[in-house]
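2 protein chains.
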Amino acid sequence: MSIQVTVDIVIFTIRDSRLKVLLIKRGIPPFKDAMAIPGGFVLENESLDAAALRELKEETGVDDVFLEQLYSFGDPKRDPRGRVVTIAYYALVPAGHSIRAGSDAAATAWCDVDDLPKLAFDHRRIVDYAIERLRNKLEYTTAGFKMLPEQFTLSELQSVYEAILGKKLDKRNFRKKLKLLGVLKATPAWRKTGRKPARLYCFSAKKFEKLKDKGILFPF
Amino acid sequence: MSIQVTVDIVIFTIRDSRLKVLLIKRGIPPFKDAMAIPGGFVLENESLDAAALRELKEETGVDDVFLEQLYSFGDPKRDPRGRVVTIAYYALVPAGHSIRAGSDAAATAWCDVDDLPKLAFDHRRIVDYAIERLRNKLEYTTAGFKMLPEQFTLSELQSVYEAILGKKLDKRNFRKKLKLLGVLKATPAWRKTGRKPARLYCFSAKKFEKLKDKGILFPF
DNA sequence: ACAAAAGTGTTAGAATTACACCCATGG
DNA sequence: CCATGGGTGTAATTCTAACACTTTTGT
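Residue numbers (numbering that gives the first Met the number 0), protein chains in the order written: chain R, 0 to 219; chain S, 0 to 219.
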């Protein structure tokens with residue numbers, strides 16, 4: 000039973016108010032010069048999560064971000080070199096988080112999810128699946144907050160939701176819902192880069208835990 | 000990289016108005032005589048889905064039921080014999096669906112999810128994860144209908160929801176919601192086994208597709 | 001002075017929840 | 001005749017969705 004096991008990672012971030020995926024240009028066949036998502040083999044004494052985290056760190060230098068298993072892909076023909084089952088993960092990198100370019104990766108790029116090039120292997124399917132999962136998770140988890148630094152403005156948060164959902168939201172309803180949920184703490188700081196200063200907020204994990212117990216959602 | 004790949008399947012059904020899981024008593028070490036969920040190796044030229052379907056059929060004789068990938072488990076120590084990554088699946092067998100006992104399985108049993116014995120390997124974790132997934136899927140998919148034969152009474156359907164969610168639902172609200180959703184078709188047939196005859200219904204896939212497009216849920 | 005983004009409430013409609021009685025049948 | 005499960009509607013509450021103007025600052 001010579002099946003090889005890899006992990007592949009769909010790494011998301013927000014940039015220019017758009018949802019982006021990290022892609023790498025392949026240097027070797029198969030699919031030489033095509034874009035692909037980062038990935039690699041699971042080592043002998045490594046859990047799947049650990050393998051994904053290692054690959055993430057190798058490729059981006061970050062290991063302090065949200066990382067979750069997505070789905071496993073194991074079509075016998077998905078890799079022309081032989082039988083490879085991949086456990087796909089997705090990661091959420093906060094906007095503005097600085098990324099160190101990976102080892103072999105002079106050719107990494109943040110690519111708009113609405114404008115993906117042809118991808119190697121079945122990576123297009125994996126990315127599409129990850130986007131779908133992310134959109135769903137937005138509604139009942141705090142995934143949205145994980146795409147922002149610790150402090151953020153309400154407009155920035157709304158922009159994250161809009162980028163991921165791919166639609167505009169009503170500003171007043173969005174803020175009303177957040178106030179009602181009570182998961183944000185106002186900080187004393189202001190963002191002064193825009194036209195008008197905006198209050199900075201941070202996420203209150205304690206309050207969120209209480210809401211979860213009651214089954215309350217983030218229904219945007 | 001000698002990692003072995005298996006599939007394991009959490010097979011659910013409803014019996015005696017309770018949510019049940021199919022367990023098999025292991026005949027060989029490790030965990031000899033412990034209960035476990037069915038599973039086996041992924042073959043060389045077989046997709047993951049095909050492997051799961053094959054195992055399901057070997058164990059139960061059925062291959063016409065709902066079957067979906069759940070999650071992959073790959074802790075290096077999860078199998079004492081060596082490195083085994085398992086792709087877990089879950090299946091929904093309609094109540095009353097007749098099951099042929101599996102090959103090696105004189106010792107299969109439908110076990111109440113609220114009263115599970117100690118399970119082999121990390122199977123308890125897999126089953127718990129499957130239950131959680133099933134509960135969630137109930138809210139936004141037609142998983143509930145997949146646990147019933149083609150025709151069913153409204154009380155039977157409600158009983159499925161109650162068994163999976165582990166709580167009582169209000170009869171009138173339940174029926175009102177179904178009527179509003181319009182996903183049921185009344186059949187001319189009646190169930191005459193209970194005290195009073197009950198109308199039999201069947202699921203209307205066409206109407207459900209329309210609802211899905213609009214993002215409407217089954218919020219019980 | 002004006003362009004750009006921040007901030008702020010109300011109202012109508014829809015969905016959710018709580019709740020109690022009569023009916024048909026088999027034992 | 002009575003125990004069991006089938007069947008039905010309304011009212012209060014909560015949630016959702018639509019909607020526009022004023023404020024502050026940088027240019």
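For every residue, glycine included, the Cβ atom is placed at its ideal position computed from N, Cα and C. Model, not experiment: these values are computed from the prediction.
Excluding the 5 residues flanking it on each side, lysine 19(S) has same chain C-beta neighbours closer than 8 Å at Phe11, Thr12, Ile13, Trp109, Cys110, Asp111 and Val112, in chain order. By alpha-carbon distance to glutamate 149(S), the top candidate from Lys178(S), Ala204(S) and Gly193(S) is Ala204(S).
With fewer than 16 other CB atoms across the displayed protein chains lying within 10 angstroms of its CB, serine 97(S) is exposed. Note that the C-beta distance between alanine 35(S) and phenylalanine 173(S) is not below 8 Å. In the three-state scheme derived from DSSP, where H, G and I count as helix and E and B as strand, lysine 170(S) is classed as helix.
The beta-carbon of aspartate 74(S) is placed less than 8 Å from the nearest beta-carbon of chain R. The beta carbon of valine 126(S) does not come within 8 Å of any beta carbon belonging to chain R, so the residue lies off that interface. Taking 8 Å as the cut-off, the Cβ atoms of phenylalanine 65(R) and lysine 145(R) count as close. Nearest in C-alpha terms to arginine 77(R), of all of Ala94(R), Arg124(R) and Arg99(R), is Arg124(R). Within chain R, Gln68 have C-beta atoms less than 8 Å from the C-beta of tyrosine 70(S), given in sequence order. A check of alpha carbon separations from arginine 25(R) across Val182(R), Val61(R), Ala106(R) and Tyr70(R) identifies Ala106(R) as the nearest. The residue from Ala33(R), Leu52(R) and Gln68(R) with its alpha-carbon nearest to that of leucine 133(R) is Gln68(R).
With respect to the 8 Å criterion, aspartate 7(S) and threonine 85(S) are classified as neighbours on the basis of their beta carbons. Under the DSSP assignment, glutamate 54(R) falls in the alpha helix (DSSP H) whose first and last residues are 47 to 59. For the segment 25 to 47 of chain S, residues whose beta-carbon sits nearer than 9 Å to a beta-carbon of chain R comprise Phe40, Val41, Leu42, Glu43, Asn44, Glu45, Ser46 and Leu47.
Annotation: Cβ neighbours of isoleucine 86(S) in chain R (cutoff 8 Å, chain order): Ser71, Gly73 and Val84. Listed by position along chain R, the residues whose Cβ is nearer than 8 Å to that of isoleucine 23(S) form an empty set, because the closest Cβ is around 21 Å away. Proximity of chain S to isoleucine 2(R) at the Cβ level (cut-off 8 Å) is accounted for by Ile2, Gln3, Val4, Val41 and Glu43, in chain order.
Counting the other CB atoms within 10 Å of its CB gives alanine 50(S) a total of 16 or more, which places it among the buried residues. Residue pairing from DSSP places tyrosine 200(S) in a beta bridge opposite Phe151(S) and Ala185(S). In this structure, the straight-line span from the alpha carbon of proline 187(S) to that of arginine 198(S) is close to 8 Å. Cβ contact annotation for aspartate 62(S) (same chain, cutoff 7 Å, sequence separation greater than five): Leu52, Leu55 and Lys56, in chain order. Classified as buried, glycine 143(R) has 16 or more neighbouring CB atoms from the shown chains inside 10 Å of its CB. Residue pairing by DSSP places tyrosine 128(R) in no beta bridge whatsoever. With a cut-off of 8 Å on Cβ pairs, the segment 153 to 165 of chain S is not in contact with the segment 149 to 169 of chain R, counting fewer than three such pairs. Valine 4(R) places its beta carbon 8 Å or farther from that of tyrosine 89(R).
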